[in-house]
Amino acid sequence: MNIVEVSKVLSNKARVEILDWLKSPEENFPPQVNVPNFDDGVCVCHIQDKLGLSQSTTSHYLTMMEKAGLLTGKRIGKWTYYKRNEAKIAEFIQSLAVKL
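Last residue of the sequence shown: 103 (the working numbering), numbering continuous.
Written out as structure tokens, the structure is:
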């Protein structure tokens, strides 16, 4: 895991907030329309609404977070759903503990 690259992604308040919200999606987002629960993640449209940023900025942030391994995305129909990648987040935290 590249600690520097993940840290760059986490250097933005909005991206950290997304991770925080996705920790408890049922408390932070409305019910998902195309999926029965939050097991598949949260629709980009709901994340964008909560962020209050443009669609392009929201998509860019989510793509960065996915490339860094912090999120996983799943396409269902025409929508993409994102959820936390708990294994990679734990790996990042462990890497920090070892390196620092």
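Glycine is no exception: its CB is placed at the ideal position from the N, C-alpha and C atoms.
Predicted model, so just to flag it, every value in this text is computed and none were measured.
Collapsed DSSP secondary structure at LYS86 in the structure displayed: Here LYS86 carries a strand assignment [DSSP, helix/strand/coil].
DSSP three-state label for LEU74, please. Looking at LEU74 - three-state DSSP - the assignment turns out to be strand.
Find the nearest neighbour of LEU54 within the set ILE96, ALA100, SER98 and ASP23, judged by alpha-carbon distance. Closest by alpha carbon: ASP23.
Pull up the CB-CB distance for ILE50 and THR61, whole angstroms please, since I reckon it's below 8 Å. About 6 Å; that satisfies the 8 Å criterion.
How long is the line joining the alpha carbons of CYS46 and ALA100, rounded to whole angstroms? When rounded, the distance between both Cα atoms is 32 Å.
Assigned secondary structure, VAL38 (DSSP; H/G/I helix, E/B strand, else coil): Secondary structure of VAL38 (DSSP, three-state): coil.
Could you check the C-alpha separation between SER14 and TYR64 for me, to the nearest Å? Taking the straight line joining both Cα atoms gives about 12 Å.
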